[in-house]
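First the structure, in the form of structure tokens, and then the observations on it.
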Amino acid sequence: MKIKEIRAFQIDLPARPTTQPRTPSRSRDYDLCRPINRYENFRSGQASPAYNNWKRPACIVTAEDGTWGFGISLYGPPVVPIINDHFAPHLIGENVMATEKLWDMMVRLSSAFGAGGLTSYAISAVDCALWDLKGKLLGKPVYELLGGPQKERIFCYASGFDQEWYMELGFKATKLFAPWGPAEGLEGLRKLEELVADTRDKIGYDVELALDAWTGFDPEHTVRVVETLRPYKLKWMEDYLPAEDLVGYEAVRQRVPWQTLATGEHWYLPTPFAAAAGKRLVDIFQPDVLW
Numbered sequence: 129m130k131i132k133e134i135r136a137f138q139i140d141l142p143a144r145p146t147t148q149p150r151t152p153s154r155s156r157d158y159d160l161c162r163p164i165n166r167y168e169n170f171r172s173g174q175a176s177p178a179y180n181n182w183k184r185p186a187c188i189v190t191a192e193d194g195t196w197g198f199g200i201s202l203y204g205p206p207v208v209p210i211i212n213d214h215f216a217p218h219l220i221g222e223n224v225m226a227t228e229k230l231w232d233m234m235v236r237l238s239s240a241f242g243a244g245g246l247t248s249y250a251i252s253a254v255d256c257a258l259w260d261l262k263g264k265l266l267g268k269p270v271y272e273l274l275g276g277p278q279k280e281r282i283f284c285y286a287s288g289f290d291q292e293w294y295m296e297l298g299f300k301a302t303k304l305f306a307p308w309g310p311a312e313g314l315e316g317l318r319k320l321e322e323l324v325a326d327t328r329d330k331i332g333y334d335v336e337l338a339l340d341a342w343t344g345f346d347p348e349h350t351v352r353v354v355e356t357l358r359p360y361k362l363k364w365m366e367d368y369l370p371a372e373d374l375v376g377y378e379a380v381r382q383r384v385p386w387q388t389l390a391t392g393e394h395w396y397l398p399t400p401f402a403a404a405a406g407k408r409l410v411d412i413f414q415p416d417v418l419w
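Heads up: the sequence shown at position 243 corresponds to 371 in the working numbering, and the numbers run straight through without jumps.
Rendered as structure tokens:
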């Protein structure tokens, strides 16, 4: 069975339904730390990046018999043309079952400008659509094609700043986002400790607590944060460095060997995962299939 058509387009997802909270949400008081926060006019959400308002890209891959698969990703305006103008002409006519080959083709077709970043979002939209199509043609859910269920139940955690609500919903683990980074210096570090301490007081020590820096720290600041927060028993420290800084990841691993470290959301190819695994730089990998 061959690919007949690949078509990408932008979609405007409806807003999530909301209800009036019984108490004000703490999320209104905080904004997560980002790498761009180094520059003052981007701190505390004062000037959010334009991509926050971009529509999402979707991709439909259609086989010769009319069966189609659907994939979705992020950052529609630049991603849709990459799929329609660059990938689609080369993939049409290929075997729809050759998912590994087709992924490799897209990576190699992107060698001139790189397969990471926005290109990876385009690759992921097509790749997810291909797997969806493959599952439909074989009459199997994709998770079975990928090896089947590993366990019957999954331990979940809730991310954000409204931990009391999460506990009410029954979660036994939660994750905070770091609102302050290196740019805020010692004052930011003090505020972060106060936030974590207050959260730990609310949830107690029978609930797991993690912290996500969304790649907004540097190695030195990461070490200071981890050492400062050690009394609060973080389950893991997540995405603390820019994705490209593998040397920094190694430095952090050496300086805080006792802290569980997690990352991978912004790693787009197997290479950094292999490098990190080979040197045991992190303890938990967190790849995102849509990115």
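Cβ atoms here follow ideal geometry from the backbone N, Cα and C, with glycine treated the same way. If you're wondering where the values come from, they're calculated on a predicted model, not measured in any experiment.
Handout entry: Residues of its chain near T161, where Cβ-Cβ distance is below 8 Å and the 5 sequence neighbours each way are ignored
Key = As written in the sequence, residue 161 is Cys, which differs from the Thr given in the question. Excluding residues within five positions, the ones whose Cβ falls inside 8 Å are F305, A306, P307, W308, G309, A341, W342, G344 and F345.
Exercise for the section: Give me the Cβ distance between W419 and A390, rounded to the nearest whole Å; I'm assuming they're in contact under 8 Å. Expected result: W419 to A390, Cβ: 16 Å. No contact.
Exercise for the section: Would you kindly report the start and end of the unbroken beta strand (DSSP E) that includes C161? Expected result: Unbroken run through C161: none, as it is neither H nor E.
Exercise for the section: Please name the residue, chosen from R184, V224 and R166, that lies closest to E133 on a Cα-to-Cα basis. Expected result: V224
Handout entry: With 16 other Cβ atoms within 10 Å as the buried cut-off, status of Y167
Key = exposed
Exercise for the section: Take A371 as the anchor and find which of W395, G221, K319 and I282 has the nearest alpha-carbon. Expected result: W395
Exercise for the section: For L246, I'd like the list of residues in its chain whose CB is within less than 8 Å of its CB, leaving aside the five on either flank, ordered along the chain. Expected result: Y203, P206, V207 and I210
Handout entry: Exposure label - M80; buried when at least 16 CB within 10 Å
Key = Given a span of 129 to 419 for the chain in the structure shown, any question on residue 80 remains unanswerable.
Exercise for the section: Kindly examine the ligand ZN and report whether one of its heavy atoms sits closer than 7 Å to the Cβ of E192. Expected result: The model depicted lacks the ligand ZN and carries no ligand whatsoever.
Problem - Simplified DSSP state of L409, which is helix, strand or coil - result: coil
Exercise for the section: Evaluate R171 with the Cβ neighbour count: other Cβ atoms within 10 Å of its Cβ, from every protein chain shown; 16 or more gives buried, anything less gives exposed. Expected result: buried
Handout entry: Option nearest R426 by Cα separation, candidates G288, P217 and K264
Key = Look at the range of the chain in this structure, 129 to 419, and you will see that residue 426 is not part of it.
Handout entry: Own chain residues within Cβ distance below 7 Å of H218, not counting five before or after
Key = M233 and L237
Problem - Residues near I200 in its chain [Cβ-Cβ closer than 8 Å; skip 5 each side] - result: I139, R184, P185, A186, C187, A253, C256 and L418
Exercise for the section: Might you give, ordered along the chain, the residues of its own chain that have their beta carbon closer than 7 Å to the beta carbon of W196, omitting 5 neighbours on each side? Expected result: I188, V189, T190 and L261
Handout entry: Per-residue burial, G244 [other beta carbons within 10 Å of its own, 16 or more giving buried]
Key = buried
Exercise for the section: Using the DSSP secondary-structure output, state which residues sit across from V189 in a beta bridge. Expected result: I134 and G197
Problem - Assigned secondary structure, K363 (DSSP; H/G/I helix, E/B strand, else coil) - result: coil
Practice task
Would you kindly check if the distance between the Cβ of L339 and the Cβ of L317 is under 8 Å?
Solution key: no
Exercise for the section: Have a look at F137 and F198 and give me their C-alpha separation to the nearest angstrom. Expected result: 11 Å
Problem - 6 Å Cβ shell around L357 - same chain, five flanking residues per side excluded - result: V324
Practice task
Leaving out five residues on either side along the sequence, give the residues of the same chain with a beta carbon under 7 Å from the beta carbon of L141.
Solution key: R184
Handout entry: Distance, K330 Cα to F299 Cα
Key = 13 Å
Problem - Residue interval of the alpha helix (DSSP H) (run including D326) - result: G313 to I331
Handout entry: Rounded straight-line distance, which links the Cα of K268 to that of V351
Key = 46 Å
Handout entry: Nearest candidate by alpha-carbon position, reference A143, set N181, D157 and R156
Key = N181
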